[in-house]
Amino acid sequence: MSDLKERALAYHCLNGVPGKVSVVPTKPCQTADDLGLAYTPGVAQPVLEIEKNPEDAYKYTSKGNLVAVISNGTAILGLGDRGPLASKPVMEGKGVLFKRFADIDVFDIEVDEKDPAKLIEVVRAISDTFGGINLEDIKGPECFQVEQELIKECKIPVFHDDQHGTAIIATAGMMNACEVIGKKLSDIKVVVNGAGAAGISCARMFIAAGVKKENITMLDSKGVIYAGRSHMTAEKEYFAKQTDERTLADALNGADFFMGLSVADCVTPEMLKTMAKDPVVFAMANPNPEIGYELATSTRSDLIMATGRSDYPNQINNVLGFPFIFRGALDVRASRISEGMKMAAAKSLAALAKLPVPAEVKKAYEGHDFTFGRNYIVPKPFDPRVIEYEAVAVAKAACEEGLAAHPIKDFEAYRESLKKRMAHYWN
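Residue numbers (the numbering used here): 667 to 1093.
As structure tokens, this is what we get:
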């Protein structure tokens, strides 16, 4: 861990340059004439055009390819409430991923405000600057209120990645895992351990994918969320069920699928042994999962396991979601990111995992080969095909739902434009 600390800190100030992002001009500014066009007096002309027609902001400014990554630092990457300034390295990191994987520009904005109503007002007030807003690391249950109110008040897509990113990738993995083991989503018993933003969103998306609500048992730090339990949020109340189960051990007995968004080492080998044949375990606690990978796979040889870590098979990684979802949404100028667009993203990832893996993916992962099956149920982030599959699926869903201000008519041409746009990142 000390080696990781030293390497990570050195990386963040490499070559004497602090941080991970910068702003690069897209137009020349080499002459007095360039300066007069970039700023005064020339800049007055697009100002007047935008005043007459606000849509011209997409024509004359970077708005259409600019996303705000916004946090108040209350739930930083499993580190908890460390404050907005401490969240800046994470928000810069999200900016790097947006640019690297989808060629989207980002301003990271850290807001010193915990009151959800005031945070909503701050974000709404600056929203016209951007083509989309990615909310990040805002604790629950406030995050639900913040996202829902901003979706209502803003005319651009608003997406809380902590909720929906994990849900989209996990749903893709669930669909493929169940296909591998021959189980129907409508038949499986699901346990979701962790009732925060990600857990609630995962459970809702599992239902949308075909899991029966009555077959989901959700737990928080107090145990099973059951009907009649006191002091529950509205989000938890929705998943409260009539059951005598009270502990994680109770819930896992006979379960087909475990979704862990909780704490390290809460699942024991004894609990794992009580799960149904061909159990699926998504243990997402980071850096240490709810049960260690080696321990779990040695306990159950019929197990399909996924984690949030890159050093084990089946990494459920949010980078497979948000850059490509925003790429598709921005390119059709979607007014919001709908449930249908999220499901389209999940299904596109599930489909891509079934295709043969190209050589550049093997190269990025030190020569490892990947074939659809128990150890490969979701694509790798360094698969260059993800953008053309997922962004196209999201854009198409937005068009079909009537959410696109600029719908695409030729999706094959759009697919080719994405490949061309991203080519220099892969060469």
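For each residue, glycine too, the CB sits at the ideal point set by N, CA and C.
Query, Result
"Under 8 angstroms between C-beta atoms of Val733 and Phe992", "yes"
"Cβ-Cβ distance between Val846 and Asp803 below 8 angstroms", "no"
"When Phe1077, Glu1054, Ala1061 and His1072 are compared against Arg1087, the one with the closest alpha-carbon", "Glu1054"
"Within the segment 953-984, ranges of the alpha helix (DSSP H) (whole runs, at least 4 residues)", "959-965"
"Where Leu996 falls: helix, strand or coil (DSSP)", "helix"
"Residue from Ile736, Gly744, Val789 and Asn731 with nearest C-alpha to Lys765", "Asn731"
"Reference Gly894, options Lys888, Asp886, Ser887 and Glu903, closest by Cα", "Glu903"
"According to DSSP, residues forming a beta bridge with Ala734", "Phe773 and Ile799"
"Run of the beta strand (DSSP E) containing Val947, from where it starts to where it stops", "Val946 to Ala949"
"Environment of Gly759 [buried if 16+ CB atoms lie within 10 Å]", "buried"
"Secondary structure of Leu745, DSSP reduced to three states", "coil"
"Segment limits, beta strand (DSSP E) that includes Gly860", "Per DSSP, Gly860 belongs to no beta strand (DSSP E) and is neither H nor E."
"Where Lys907 sits in the DSSP three-state scheme", "strand"
"Outcome for Lys1008 when other beta-carbon atoms lying within 10 angstroms are tallied against a minimum of 16", "buried"
"Residues that DSSP places opposite Phe825 in a beta bridge", "Asn800"
"Buried or exposed by the 16-neighbour rule on C-beta atoms within 10 Å, applied to Pro945", "buried"
"Length of the line joining the Cα atoms of Arg1026 and Ala698", "Correcting the residue identity first, residue 1026 is Glu in this sequence and not Arg. Each residue's alpha carbon lies about 45 angstroms from the other."
"Nearest to Ile835 (by Cα), restricted to the options Pro823, Thr973 and Ser852", "Thr973"
"7 angstroms CB neighbourhood of His1072 in its chain, flanking five on each side removed", "Val998 and Arg999"
"Cβ-Cβ separation, Leu927 to Ala864 (assumed contact under 8 angstroms), whole Å", "5 angstroms"
"Buried/exposed call for Arg1002, threshold 16 Cβ in 10 Å", "buried"
"DSSP bridge partner residues for Ile1100 (one or two, in chain order)", "There is no way to answer for residue 1100, as the model of the chain reaches only from 667 to 1093."
"Residue burial classification, Thr913 (beta-carbon count within 10 angstroms, cutoff 16)", "exposed"
"Coil, strand or helix - Ala942 by DSSP", "coil"
"Neighbourhood of Arg870 by C-beta, 8 angstroms cutoff - its chain only, sequence neighbours within 5 removed", "Ala833"
"Option in Arg1081, Val858, Ser896 and Arg966 with minimal Cα separation from Val1060", "Arg1081"
"Span of the beta strand (DSSP E), counted from its first residue to its last, around Met925", "Phe923 to Gly926"
"Counted within 10 angstroms of its Cβ, other Cβ atoms place Cys695 as buried (16 or more) or exposed", "exposed"
"Buried/exposed call for Glu880, threshold 16 Cβ in 10 Å", "exposed"
"Buried or exposed by the 16-neighbour rule on C-beta atoms within 10 Å, applied to Asn719", "exposed"
"Residue closest to Ile822, alpha-carbon to alpha-carbon, out of Gly848, Pro807, Asp794 and Phe1077", "Asp794"
"Which residues DSSP lists as bridging Val788, in chain order", "Val788 is not bridged to any residue."
"Val756, DSSP secondary structure in three states", "helix"
"Of the residues Val1052, Arg1040 and Gly749, the one placed nearest Gly839, counting alpha carbons only", "Arg1040"
"Straight-line Cα distance separating Asp774 from Gln908", "44 angstroms"
"Own chain partners of Phe988 with C-beta closer than 8 angstroms, once the 5 adjacent residues on each side are dropped", "Lys760, Leu763, Phe764, Asn800, Phe825, Asp827 and Gly831"
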